[in-house]
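Below you'll find the structure, written out as structure tokens, and then a few comments.
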Ligand SMILES: CC(C)(COP(=O)(O)OP(=O)(O)OC[C@H]1O[C@@H](n2cnc3c(N)ncnc32)[C@H](O)[C@@H]1OP(=O)(O)O)[C@@H](O)C(=O)NCCC(=O)NCCS
């Protein structure tokens, strides 16, 4: 039994994924593939090689619109131009059955590495995450993401702090 991360495709059973958040379930089922087709974002799924259609977890990453430097936490504003580029981890979820076994942390680390690699190719200063509620924000804060001053459910981390 080996778990691997793959790009979402038609072989994956999006209909039966349940992470406990209806909004995230519906997004995976109805929107993720459309976003891939339109190249708006990319979704990656955690699967078991022995049952590769079953989605154990997923994350979605995308480029982010330029962020005005004045919106950043004061300590992160130094020596940057007026607007800074970045990437977003738009969604992250683990199925109910697989929660509490370290897969959320694993997928977050996977997404961080992917974003670090993209930033090394094309530039990108910050990785942003959009937490769906305060509990999810607490999950990201565990991994040293800092809240944006204007919105505590949007958190960020300098990509330079992600190990290469
Ligand atoms: C939040 C979520 C992704 C965590 O995934 P998971 O696989 O259960 O988490 P892990 O087992 O990897 O836990 C890693 C650490 O985060 C902690 N953690 C897990 N869920 C947490 C939460 N909701 N809030 C704060 N900390 C949390 C764990 O206690 C663990 O810490 P420890 O190592 O000190 O014990 C998962 O519970 C989930 O999909 N929830 C529903 C959707 C959601 O809330 N997504 C968040 C993004 S919007």
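Numbering (UniProt numbering), first residue to last: 1 to 164.
Backbone N, C-alpha and C define an ideal beta-carbon position, used for all residues, glycine too.
Computed from a prediction, not measured in an experiment: that's the story for all the values here.
- Residue 42 and residue 141 have their C-alpha atoms roughly 24 Å apart.
- As a beta-bridge residue in DSSP terms, residue 58 pairs with 45 and 93.
- Remark: the C-beta of residue 29 is outside contact range of ligand 1, defined as less than 7 Å to any heavy atom.
- In the structure shown, residue 4 adopts extended strand secondary structure according to DSSP, grouped into three states.
- Listed in chain order, the beta strand (DSSP E) runs fully inside the UniProt domain "N-acetyltransferase" (69 to 146) are 83 to 94 and 126 to 130, counting runs of at least 3 residues.
- Annotation for residue 151: the continuous beta strand (DSSP E) segment containing it runs 151 to 158.
- Under the 10 Å beta carbon count, residue 38 is surrounded by fewer than 16 other beta carbons and is classified as exposed.
- Within a 10 Å sphere around the beta-carbon of residue 4 sit fewer than 16 other beta-carbons, which makes this residue exposed.
- When distances are taken from the beta-carbon of residue 157 to the heavy atoms of ligand 1, even the shortest one reaches 7 Å or more.
- Ranked by Cα distance from residue 129, the first of 106, 156 and 97 is 156.
- By the Cβ rule, the stretch 72 to 91 counts as touching the stretch 112 to 132, because three or more pairs are nearer than 8 Å.
- Cβ-Cβ distances below 6 Å link residue 2 to 49 in the same chain, with the five nearest sequence neighbours on each side left out; the list follows chain order.
- One alpha carbon belongs to residue 132, the other to residue 79, and they sit about 31 Å apart.
- Judged by DSSP secondary structure, residue 25 falls within the alpha helix (DSSP H) whose first and last residues are 22 to 26.
- Residue 91 places its beta carbon less than 8 Å from that of residue 27.
- Per DSSP, residue 12 lies in no alpha helix (DSSP H) segment and is marked neither H nor E.
- Rounded to the nearest whole angstrom, the C-alpha separation of residue 24 and residue 93 is 7 Å.
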